[in-house]
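> Be aware that the sequence shown starts at 723, since it is given in my numbering, and climbs by one per residue.
One structure, as structure tokens, below. Some questions next.
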Amino acid sequence: MPVLWISHIKGLIDSSPDDMTLAQSLLGSEQDVESKERIYLCPSCSSTLDVAHYLAQKDALDPFDSVLALRQWSGRGQLRRQWISEPGNLFVTWRLPQPHEQWSGLLPILVGFVLCQGLRTVGVDVFLKWPNDLLWQNSKVGGILIEERGDVLLAGIGLNLASCPEPFLLREDHAFPAQNLVSALPDLTILELWLRLVHLAQFRYSFILSCFDPLEFVQFIEPVLAFVGTRVRITDHRSIIQGVYVGLSPDGGLILKTENTSRILYSGSLSTEKW
């Protein structure tokens, strides 16, 4: 299926001629690549998640189709926090086929894992930080947000390719500094990079769901999980829990061994700060 440009959807996409010119130079031309699945390119949008939901409701976004943008004016991350969206970085939403319900708690981990594997094929040694962040050299370079509305399952993905937020723009309680991948990536347009990542990710996503059960999966991916086997702390609202990060449970929880017992945590921010 083709790579398609969308320049206007009322309230969602609003692009000037200058936006189109800049987008074509940074994202790449639809003539550069061929894609089996549809990839929609938009210069400027509210968020790729919003555009993807709109297209899905119009029956124009099938499983494994995606929406890629130059910039977002209302990008969001976990807990609807603002995702700073500067041109030159990767902002994409990828529609996923619905897996069996036993995988629902593992979806951010599953998408993060297949992206890690894809980035490693282009020479970037990325790790997955529970629950949904991508780390390179102990700095955050990306994140994943899963959204589901009705039967439409979407993965919003952000990667700091050319730039990253300045420290003063980060939350006061951020656990790791932000970093970009400009020095680590090969010379590819954003579209070319996404094509490499998504083709491999689609194959591995389908393979894992067909050949692994959740317990086998969390055991298999342990080498890619950042900080497994080390002392960490998990901050959730005003509570702080400290212990050894043992691994993941089959439903996506983090197994933490404390002095007296083991606990499974399903939300929170992981850090390695000393206490």
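The C-beta atom is built at its ideal place from N, Cα and C for all residues, glycine as well.
Source: prediction; values computed, not measured.
Can the beta-carbon of V920 be found less than 7 Å from the beta-carbon of A778?
Walking along the sequence shown from the start, residue 920 turns up at place 198. Walking along the sequence shown from the start, residue 778 turns up at place 56. Not a contact, by the Cβ cut-off of 7 Å.
> When you compare only the Cα positions, how much space is there between I728 and L881?
Stepping through the sequence shown from its first residue, residue 728 is reached at position 6. Stepping through the sequence shown from its first residue, residue 881 is reached at position 159. Taking the straight line joining both Cα atoms gives about 22 Å.
> Under 7 Å Cβ to Cβ from C886, same chain only, skipping five residues before and after it: list those, please.
The sequence position of residue 886 within the sequence shown is 164, counting from 1. Only A900, Q901, N902 meet the Cβ criterion.
> Quick check on this structure: which residue in F813, F929, Q794, V950 has the alpha carbon closest to the alpha carbon of I879?
To locate residue 879, count along the sequence shown from 1; it is residue 157. Comparing Cα positions, the closest option is F813.
> Kindly list the residues whose CB is nearer than 8 Å to the CB of T952, restricted to its own chain and excluding five residues on each side of it in sequence; keep chain order.
Stepping through the sequence shown from its first residue, residue 952 is reached at position 230. Contacts found: V966, Y967, T994.
> Here's the rule I'm using: 16 or more other beta-carbon atoms within 10 Å means buried, otherwise exposed. How should T770 be labelled?
Residue mapping note: residue 770 aligns to position 48 of the sequence shown, counting from 1. Buried.
> Going by other Cβ atoms of all chains shown within 10 Å of its Cβ, with 16 needed for buried, is H822 buried or exposed?
Taking the sequence shown and counting its residues from 1, one reaches residue 822 at position 100. H822 should be labelled exposed.
> Within its chain, find whatever has a CB closer than 6 Å to the CB of A948; leave out the 5 residues flanking it on each side and keep chain order.
As a first step, residue 948 is located in the sequence shown; it is residue number 226 there, counting from the start. Closer than 6 Å at Cβ, skipping near neighbours: F849, K851, L857.
> Can you tell me the Cβ-Cβ gap for Y762 and V836, rounded? I've got them flagged as a contact below 8 Å.
As a first step, residue 762 is located in the sequence shown; it is residue number 40 there, counting from the start. As a first step, residue 836 is located in the sequence shown; it is residue number 114 there, counting from the start. Rounded, the Cβ-Cβ distance is 21 Å, inconsistent with contact.
> What three-state label does DSSP hand P936 in the structure shown?
Translated into positions along the sequence shown, residue 936 becomes position 214. It is helical.
> Where Q933 and A923 are concerned, what is the direct C-alpha to C-alpha distance, given to the nearest angstrom?
By 1-based counting over the sequence shown, the position of residue 933 is 211. By 1-based counting over the sequence shown, the position of residue 923 is 201. Note that residue 933 corresponds to Cys in the displayed sequence, not to Gln. Computed Cα separation, rounded: 15 Å.
> Could you give the C-beta distance for L915 and L907, rounded to a whole number, given that I count them as a contact under 8 Å?
Reading the sequence shown from its first residue, position 193 is the one you call residue 915. Reading the sequence shown from its first residue, position 185 is the one you call residue 907. Sure, about 7 Å apart at Cβ, within 8 Å.
> Identify the continuous alpha helix (DSSP H) that holds D772 and give its terminal residues.
Numbered from its first residue, the sequence shown carries residue 772 at position 50. Run containing D772: 770-779, per the alpha helix (DSSP H) assignment.
> What number of angstroms, rounded off, separates the C-alpha of V950 from the C-alpha of K862?
Walking along the sequence shown from the start, residue 950 turns up at place 228. Walking along the sequence shown from the start, residue 862 turns up at place 140. Each residue's Cα considered, the two are about 17 Å apart.
> For D847, count neighbouring C-beta atoms within 10 Å of its own C-beta (all shown protein chains included) and say buried if the count is 16 or more, exposed if not.
Residue numbering aside, residue 847 sits at position 125 when the sequence shown is read from its first letter. With fewer than 16 other Cβ atoms within 10 Å, it is exposed.
> Can you tell me which of the three DSSP states D741 falls into?
By 1-based counting over the sequence shown, the position of residue 741 is 19. Helix, per DSSP.
> Taking all protein chains shown into account, do 16 or more other C-beta atoms lie within 10 angstroms of the C-beta of T815, making it buried, or fewer, making it exposed?
Residue mapping note: residue 815 aligns to position 93 of the sequence shown, counting from 1. Buried.
> Which one or two residues does DSSP pair with C838 in a beta bridge?
Numbered from 1 along the sequence shown, position 116 holds the residue referred to as residue 838. Looking at the DSSP output, C838 shares a beta bridge with no other residue.
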